[in-house]
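Notes follow the structure.
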Amino acid sequence: MGKLNSKIPDGPLAQKWTKYKASVKLVNPANKKKLEIIVIGTGLSGAGASSALGELGYSVKTFCYQDSPRRAHSVAAQGGINAAKNYQSDGDSVYRLFYDMIKGGDFRAREANVYRAAEVSNEVIDHYTALGVPFARDYGGTLDTRSFGGVQVSRTFYSKGQTGQQCLLGAYSSLNRQIKKGNVTMYPRREMLDLVLIDGKARGIIARNLLTGEIERHAAHAVVLATGGYGTIYYLSTLAVNSNASAAWKAHKKGAFFANPSFVQIHPTSIPQLNEFQSKLTLMSESLRNDGRIWVPKTKGDKRKANEIPEDERDYYLERRYPTFGNLVPRDVASRAAKERCDAGYGVGETGLAVNLDFRDAIKKQGVKTIENKYGNLFEMYRNITGINPYEEPMRIYPAGHYTMGGLWVDYELMTTIPGLYSIGESNFSDHGANRLGASSLMQASGDGYFILPNTISNYLSNEISVAKISTDKPEFAEAEKAAVDRINKLISIKGKQSAGSFHKRLGKIMWDYCGMIRNEEGLKKALGLINDLKEEFYKDLNIPCPANELNMELEKAGRVADYFELAELLVTDALNRRESCGAHFREEFQTPDGEAMRNDDEFAYVAAWEYAGEGKQPILHKEELKFEEVEMKVRSYK
Amino acid sequence: MKLTLKIWRQKNAKSKGNFETYQMDNVSPEMAFLEMLDALNKRLVEEDKDPVAFDHDCREGICGSCGMYINGHPHGPIPAITTCHLSMRFFKEGQTVWIEPWRAKPFPVIKDLIVDRTAFDKIQIAGGFISVNTGAAPEANNILIRKKDSDNAFDSAICIGCGACVAACKNASAMLFVSAKISQFALLPQGKVEAIDRVRAMVAKMDEVGFGNCSNTGACEAECPKQIKLTNISRMNREYFKAY
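Chains as they are written, first to last, in the numbering used here: chain G, 3 to 641; chain P, 972 to 1215.
As structure tokens, this is what we get:
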């Protein structure tokens, strides 16, 4: 337990960040140029951090595995971005945004970090607006907002249904400005294979050039991971197909603790799985629940078409069970309610694993034009994928693996347990607790990248100014490179029969069945055995046809799946350990008589930070007790 | 359904490419086009053969990674969608499907269906941004923008940078792509300060990296998966004339 120092500043919650910024150690402008920082990932957090650090004058080297930084998966976060601007005068404030996040996260997030995320949200909106992000506007020229799940104010800024795209392109443009100025060097189509430590500090990375297969060494004074989440561990998820956990996992194996890995959010409004070949699930934005009403037939197994079912034979189960929040309950609540109805036999469609999301009433009241203005592109997308016109028939939706609240453990400065290694955005654990509220991911990722890390990293770097440029000839680099090459050779030389993707698919099924929306002890124990068996089969029967020294996408996938096997074991171990239900983690044994999650604050009001203990060894659990000074831990109710 | 695939295979930029024929027997109409290629690749890996390389990532029509010529159309025969959103229900039993990479001098083939689109990044780096330092922005509502201008800026801003416009153009022109960014900023008050320098720099870079000129054929607009309008090109031309 002594190993975790969260470094939360003293003083009242509302003043912690201001005080921190005023007292943090600074780096002289003349010294900044000499300090090198590696940033992995170019989503909102990575591109934001790279550009802000570049503006400050540091020498930044930025890496992404895509062909261009503009393709990072933040681009697909459609719904919106929260800020506590209170433009609608509906009583919003930094405190309320903070409180909604703490409550939404089921009191499993760190108070000081969450308050700060809410605090910088307003600066994020100012910055994106200045960068030319075309947020929706009212006729008077001011910014418009809408509402999202789990809250009772309208604080979500949006660009139709493409907010993530617009913010990401804004961040990409500010990154480009720094590339032009020479402050940032961009390395696309690279994958981080390992982290290099020198004297216990993060000093560089080993990367593979995905075009040539060349193994590269890159050194720096500090390394920032902005690598997103690991939701694709379920194979079918709403994340980009290439999203992975590998960089974070390699850092974990080098000493960075991994926190709350079992907190994986299941998103309630995904297009259901249509066939067995499917490579991913597509999310329909949560904003649709502002106007769409969710229902199933009142009669079990009713196979009539949705429009043929009369009003009094429809069960608007969210409005029935949660009259205060209705269709806008948080994601975990909406997801479980859908599963409950489908498991009870009321699901719609051929598989019965879907519920209706109906716009009939909204179209009647507001007209097609208004609905088209709000959600046009989402409706089009739905029609393209399913062949069904949602203006005429309800959409069918079902929950899917989505955003990971777990990630590398970081302190208030966003530093991991490895000195000089930072983790920002979705790749860290700190701000969302056990469940993420809608439209807070763009907010947190941008806040971490643009406004928080650039301040906190100087506290560390101010002690590094006497460290000269780090040479990649050091033995630590050679060692890490050799380990990375050995891993590649091991995978290439298996020469079995099956593709990496087919193993990933089977692993995902195990994870979904036993550690998805609902978990229990028996299932989790079973999953551990199944994962281990499949892992053994993987190392006996994997096939990668091409050599390693060229573009080789099968090798890329195999490396990611190999890491997923190990993370899957930790994820299930964490789920087993947490004998309570909270947010995204619903343990069947711990529920109220009416099926709501039952927390156990006496025993589990902590962050589970896992230390890697070596191959085949049980990971070591460290607990960061969560202390709530400003809010009282209450039962989360949306009734 | 059964399909015959004719796929362009090319080991790398230097080697010669050719079409290879593959028979697909169990294609479900519910599959997405890329999932059909996934199925082919799974089979190739099991046969210890080199799978077909293609770029893809989000598979939600928004990241702009995917892109290939399918039966003579960028992103396939259905208007206004990306390859990842192309459903196999749009194809017929027994059909032959020709699959090729984008072909344009500034987009050299990397392998099979993957081309190098870094020329697009170079144009954006030349000036596709508004110069504002983090933390130095004014209060967001201090910049009032007419709703119509904001909506129009958004319609230009939704370009995904896939390169279909270049691939569709007989001149390999990147004008639709470049003009979309220039239009977005030209319509917003924040972008006006640097408008002259931006249009000069981006147009110059566009020529320098080897894209051709516009001859108003309109193939770019017709094939753009995001329906970016030709009016962007007119606006870019006006901005360009204003700048000199």
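All C-beta atoms in this analysis are idealised placements derived from N, C-alpha and C, irrespective of residue type, glycine included.
Can you find at least 3 beta carbon pairs, one from the region 584-592 of chain G and one from the region 98-114 of chain G, that sit closer than 8 Å? Output reads yes: the region 98-114 of chain G touches the region 584-592 of chain G.
Note the first and the last residue of the continuous alpha helix (DSSP H) segment covering P:R1171. In the second sequence, counting from the first residue as 1, residue 1171 of chain P sits at position 200. From DSSP, the alpha helix (DSSP H) with P:R1171 extends over 1166-1179.
I'd like to check one pair, P:E1031 with G:T284: are the Cβ atoms closer than 8 Å? As a working mapping, residue 284 of chain G is identified with position 282 in the first sequence. As a working mapping, residue 1031 of chain P is identified with position 60 in the second sequence. Taking 8 Å as the Cβ cut-off, G:T284 and P:E1031 qualify as a contacting pair.
Run of the beta strand (DSSP E) containing P:M1007, from where it starts to where it stops: By 1-based counting over the second sequence, the position of residue 1007 of chain P is 36. P:M1007 -> not in any beta strand (DSSP E); alpha helix (DSSP H) instead, spanning 1004-1017.
Among the candidates G:I207, G:T388, G:K511, G:I273, whose CA atom is the shortest distance from the CA of G:A356? Start at 1 with the first residue of the first sequence, and residue 356 of chain G comes out as number 354. Answer by Cα proximity: G:I273.
Alpha carbon to alpha carbon, how far is G:C548 from G:D69? Start at 1 with the first residue of the first sequence, and residue 548 of chain G comes out as number 546. Start at 1 with the first residue of the first sequence, and residue 69 of chain G comes out as number 67. Here the C-alpha atom of G:C548 lies approximately 21 Å from the C-alpha atom of G:D69.
Within 8 Å (strictly less), CB to CB, does P:C1217 reach chain G? What the structure shows of chain P is the stretch from 972 to 1215, and residue 1217 of chain P is not part of that stretch, so it cannot be assessed.
Taking only beta-carbon atoms, is P:Q1198 less than 8 Å away from chain G? By 1-based counting over the second sequence, the position of residue 1198 of chain P is 227. Interface annotation, P:Q1198: not in contact with chain G, CB-CB separation never under 8 Å.
Can you tell me the Cβ-Cβ gap for G:A570 and G:W411, rounded? I've got them flagged as a contact below 8 Å. The residue you call residue 570 of chain G lines up with position 568 of the first sequence. The residue you call residue 411 of chain G lines up with position 409 of the first sequence. The pair is not a contact, with the Cβ atoms about 19 Å apart (cut-off 8 Å).
According to DSSP, what are the bridge partners of G:G403? The residue given as residue 403 of chain G occupies position 401 in the first sequence. Note: G:G403 sits in a beta bridge opposite G:S239, G:I268.
For G:S161, which of P:V1164, P:S1121, P:C1133 has the nearest alpha-carbon? By 1-based counting over the first sequence, the position of residue 161 of chain G is 159. Checked all of P:V1164, P:S1121, P:C1133; the closest Cα to G:S161 is P:S1121.
Considering Cα atoms alone, identify which of G:W251, G:A441, G:G369 is closest to G:P263. Locating residue 263 of chain G in the first sequence gives position 261, counting from the first residue. Of the candidates G:W251, G:A441, G:G369, the residue whose Cα lies closest to the Cα of G:P263 is G:W251.
Assuming G:V298 and G:R343 are in contact, meaning their beta carbons sit under 8 Å apart, how far apart are those beta carbons, in whole angstroms? As a working note, residue 298 of chain G is residue 296 in the first sequence. As a working note, residue 343 of chain G is residue 341 in the first sequence. Their Cβ separation, rounded to whole angstroms, is 5 Å, which keeps G:V298 and G:R343 in contact under 8 Å.
Proximal residues of chain G, C-beta to C-beta of P:F1091 below 8 Å: For this step, residue 1091 of chain P is matched to residue 120 along the second sequence. Within chain G, the residues S70 have their CB atoms less than 8 Å from the CB of P:F1091, given in chain order.
What residues from chain P crowd round G:H75, counting only those whose CB sits closer than 8 Å? Working through the first sequence from its first residue, we reach residue 75 of chain G at position 73. Within 8 Å Cβ-Cβ: D1028, C1029, C1034.
Quick one: list the residues of chain G neighbouring P:N1203, beta-carbon separation under 9 Å, in chain order. Counting from 1 along the second sequence, the entry for residue 1203 of chain P is found at position 232. Taking a Cβ-Cβ threshold of 9 Å, none of the residues of chain G is close to P:N1203; the smallest such distance is about 14 Å.
Residues within the region 269-293 of chain G neighbouring chain P, beta-carbon criterion of under 9 Å: Closer than 9 Å at the C-beta level to chain P, one finds these residues of the region 269-293 of chain G: L276, N277, E278, F279, Q280, S281, K282, T284, L285.
Tell me, please, whether the CB atom of G:S504 is closer than 8 Å to any CB atom in chain P? In the first sequence, counting from the first residue as 1, residue 504 of chain G sits at position 502. Answer yes: the Cβ-Cβ gap between G:S504 and chain P drops below 8 Å somewhere.
Going along chain P in order, which residues have a C-beta closer than 8 Å to the C-beta of G:F453? For the purposes of this step, residue 453 of chain G is taken as the residue at position 451 of the first sequence. In chain order, T1105, G1106 make up the part of chain P whose C-beta sits under 8 Å from the C-beta of G:F453.
Members of the region 113-129 of chain G near chain P, C-beta cut-off 7 Å: Shown in chain order are the members of the region 113-129 of chain G whose Cβ falls below 7 Å from a Cβ of chain P: E125, I127, D128, H129.
7 Å Cβ cut-off: residues of chain P touching G:C548: Mapped onto the first sequence, residue 548 of chain G falls at position 546. D1021, listed in chain order.
Counting only beta-carbon atoms, is G:I399 nearer than 8 Å to chain P? Numbered from 1 along the first sequence, position 397 holds the residue referred to as residue 399 of chain G. No, no contact with chain P.
What did DSSP end up calling P:N989 once you bin it into helix, strand or coil? Within the second sequence, the letter at position 18 stands for residue 989 of chain P. In the structure shown, P:N989 sits in a strand (DSSP, three-state: E or B).
Pairwise C-alpha distance: P:V1149 and P:D1092: Indexing the second sequence from 1 puts residue 1092 of chain P at position 121. Indexing the second sequence from 1 puts residue 1149 of chain P at position 178. Cα-Cα distance, rounded: 11 Å.
Alpha helix (DSSP H) containing G:I459: first to last residue? As a first step, residue 459 of chain G is located in the first sequence; it is residue number 457 there, counting from the start. Run containing G:I459: 455-463, per the alpha helix (DSSP H) assignment.
Could you pull the DSSP bridge partners for P:P1045 from this structure? For the purposes of this step, residue 1045 of chain P is taken as the residue at position 74 of the second sequence. Paired residues: P:Y1040.
Sub-8 Å separation of G:D413 and G:G427 beta-carbons: On the first sequence, position 411 is the one that residue 413 of chain G refers to. On the first sequence, position 425 is the one that residue 427 of chain G refers to. Not closer than 8 Å, so no.
What residues of chain P sit near G:V26, judged by a beta carbon separation below 7 Å? Numbered from 1 along the first sequence, position 24 holds the residue referred to as residue 26 of chain G. Chain P residues near G:V26: none, gap ~14 Å exceeds 7 Å.
If you measure from the beta carbon of G:N386 to each beta carbon in chain P, is any gap under 8 Å? Reading the first sequence from its first residue, position 384 is the one you call residue 386 of chain G. Yes - at least one Cβ of chain P is within 8 Å of the one on G:N386.
From P:I1024 to G:Q275, what distance separates their C-alpha atoms? Taking the second sequence and counting its residues from 1, the one referred to as residue 1024 of chain P is at position 53. Taking the first sequence and counting its residues from 1, the one referred to as residue 275 of chain G is at position 273. Note on identity: in this sequence residue 1024 of chain P is Ala, with Ile being the wrong assignment. Cα to Cα, the separation comes out at about 25 Å.
Report the option in G:V609, G:G347, G:P325 whose CA atom is closest to the CA atom of G:F259. On the first sequence, residue 259 of chain G is found 257 positions in, with the first residue counted as 1. Checking every option, the nearest Cα to that of G:F259 belongs to G:V609.
For the beta strand (DSSP E) that contains G:G206, what are its first and last residues? Counting from 1 along the first sequence, the entry for residue 206 of chain G is found at position 204. Looking at the DSSP string, the run of the beta strand (DSSP E) that includes G:G206 is 203-211.
Keeping to the same chain, check which residues put their C-beta closer than 6 Å to that of P:L1159; ignore five residues upstream and five downstream. By one-based count along the second sequence, residue 1159 of chain P stands at place 188. Same-chain partners within the cutoff: A1124.
State the Cα-Cα distance for the pair G:M3 and P:G1047, rounded to the nearest angstrom. Taking the first residue of the first sequence as position 1, residue 3 of chain G is located at position 1. Taking the first residue of the second sequence as position 1, residue 1047 of chain P is located at position 76. At G:M3, the pLDDT of 41 sits below 50, so the modelled position is not reliable and the matter cannot be decided from this model.
P:W1073 in three-state terms, based on DSSP: The residue you call residue 1073 of chain P lines up with position 102 of the second sequence. Coil.
G:E632 to G:A119 span [Cα, whole Å]: Here residue 632 of chain G refers to the residue found at position 630 of the first sequence. Here residue 119 of chain G refers to the residue found at position 117 of the first sequence. Taking the straight line joining both Cα atoms gives about 16 Å.
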